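Residue numbers (mature numbering (1 follows the signal peptide of the UniProt record, and there is no 0)): -21 to -1, 1 to 352.
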């Protein structure tokens, strides 16, 4: 049978139309950021190789999966302000450019932190010198990226586990109101950027109580604070979902945005004397503490996937209160947990494996959205 040209054109058009008209229940969510675009930003911390875009495939994966980025290290004072009269913005410029190129939410981490501290800051001895140092440091950095960085961790990890202020050079030289000064300086340098207090173990009631008091003191003193970041360095069993939920509710009740800023789930045993995420804590190596050097058993993969699914289900429940969820790294090989608190361990805390392939945990997080279609 011979077909006329008009018939062939019409048949071709109908075929194309049918291929493009995929039933809604068969649509696939193709990335984390697309799956959760109506809930909150999905972010990742970037290391220097990722910021420099040394691997095109990795850069493509980051751009596909995430719509928010945090600088893992390059904005910490030892790197960005290594000497009193010297700033080094080369890596940070690349970081911001990466975010702008891919139209991402850009988060700055961190302006004040007692760890990874520039040596010259650690040597300050009096209030006047500290005031000058903080003013120069915060005003210069925030001012340089005014209008380009969407939010900042102004102060990082200022609390002890009992909720009291941690003893640092900032507290010793200036006093407890150094936090107020820091937030006011950041707000002055860029009034439109969101300002966060960031810490770990805020799911623990005592420390959370201290953080609530810290926030209320900032608000009483007229400092601008927009949100609190709970780092989310957790494991397969703790903290409980109830405590995570209480954290969301307690900080939201203060009129703040809540972010989970450094999420990773350790699958390894933890030494009994190690709590939280203090990078200065170390323990001795042993085979018992490194049980999966050659790969994660299927049974543990299942546990990890179930844990991530439960956590993201809770996050989705409170999506009206949560602004951002950031994984602390793109893949397992990048994670700081391979070296903390025991150097050289093999951990598997993230959604992508060492080859940047999605794990069962990734699929479980995605399945929460797919099942809603």
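By construction, the Cβ of each residue, glycine as well, lies at the ideal position given by its N, Cα and C atoms. From a predicted model like this one, the values you see are computed outputs, not experimental measurements.
Taking the alpha-carbon of residue i as reference, which of the options has the nearest alpha-carbon?
i           : options            : result
residue 24  : 303, 318, 339, 127 : 303
residue 199 : 160, 218, 62       : 160
residue 127 : 72, 95, 102        : 72
residue 220 : 41, 182, 209       : 182
residue 268 : 334, 325, 19, 84   : 325
residue 229 : 286, 297, 273, 270 : 297
residue 356 : 192, 243, 201      : Since the first residue shown for the chain is -21 and the last is 352, residue 356 is missing from the structure and cannot be characterised.
residue 124 : 79, 113, 136       : 79
residue 197 : 336, 224, 133, 172 : 133
residue 224 : 336, 290, 61       : 290
residue 139 : 102, 187, 103      : 187
Apply the 10 Å Cβ neighbour rule to residue i and answer buried if 16 or more other Cβ atoms are within range, or exposed otherwise.
i           : result
residue 281 : exposed
residue 328 : buried
residue 314 : buried
residue 382 : What is shown of the chain runs -21 to 352, which leaves residue 382 out entirely.
residue 146 : exposed
residue 11  : buried
residue 117 : buried
residue 100 : buried
residue 29  : buried
residue 185 : exposed
residue 112 : buried
residue 129 : buried
residue 35  : exposed
residue 177 : buried
residue 168 : buried
residue 273 : exposed
Look at the Cβ atom of residue i, then the Cβ atom of residue j, and state whether they are nearer than 9 Å.
i           : j           : result
residue 121 : residue 90  : yes
residue 179 : residue 206 : no
residue 309 : residue 21  : no
residue 209 : residue 240 : yes
residue 323 : residue 317 : yes
residue 307 : residue 51  : yes
residue 155 : residue 231 : no
residue 109 : residue 149 : yes
residue 278 : residue 339 : no
residue 353 : residue 86  : Absent from the model: residue 353. The displayed extent of the chain is -21 to 352, so no value can be given.
residue 14  : residue 237 : no
residue 353 : residue 211 : The question about residue 353 has no answer, for the chain in this structure spans -21 to 352.
residue 247 : residue 270 : yes
residue 137 : residue 166 : no
residue 295 : residue 18  : yes
residue 330 : residue 227 : no
residue 144 : residue 193 : yes
When DSSP labels each residue in this structure, what does residue i get in the three-state scheme?
i           : result
residue 196 : helix
residue 315 : helix
residue 184 : helix
residue 145 : coil
residue 265 : coil
residue 191 : helix
residue 292 : helix
residue 307 : coil
residue 88  : strand
residue 106 : helix
residue 22  : strand
residue 370 : The question about residue 370 has no answer here: the residues shown for the chain are numbered -21 through 352.
residue 239 : strand
residue 62  : strand
residue 227 : helix
residue 138 : strand
residue 130 : strand
residue 45  : coil
residue 320 : coil
Leaving out the 5 sequence neighbours to the left and right, which residues in its chain are closer than 7 Å to residue i when beta-carbon positions are compared?
i           : result
residue 55  : 89, 92, 95
residue 170 : none
residue 63  : 99
residue 47  : 20, 21, 22, 83, 84, 86, 303, 305
residue 131 : 87, 90, 121, 165, 172, 174, 175
Excluding sequence positions up to five away, which residues of its chain have a Cβ less than 6 Å from the Cβ of residue i?
i          : result
residue 32 : 38
Using a Cβ-Cβ cut-off of 8 Å (strictly less than) and excluding sequence neighbours within five positions of residue i, which residues of its own chain qualify?
i           : result
residue 105 : 152
residue 57  : 95, 96, 97, 98
residue 195 : 233
residue 218 : 182, 183
residue 363 : Outside the displayed range of the chain (-21 to 352) lies residue 363, so it cannot be described from this structure.
residue 346 : 288
Please indicate yes or no: does the CB of residue i lie closer than 8 Å to some heavy atom of the ligand MN?
i           : result
residue 311 : Looking for the ligand MN in the displayed structure turns up nothing, as the structure carries no ligands at all.
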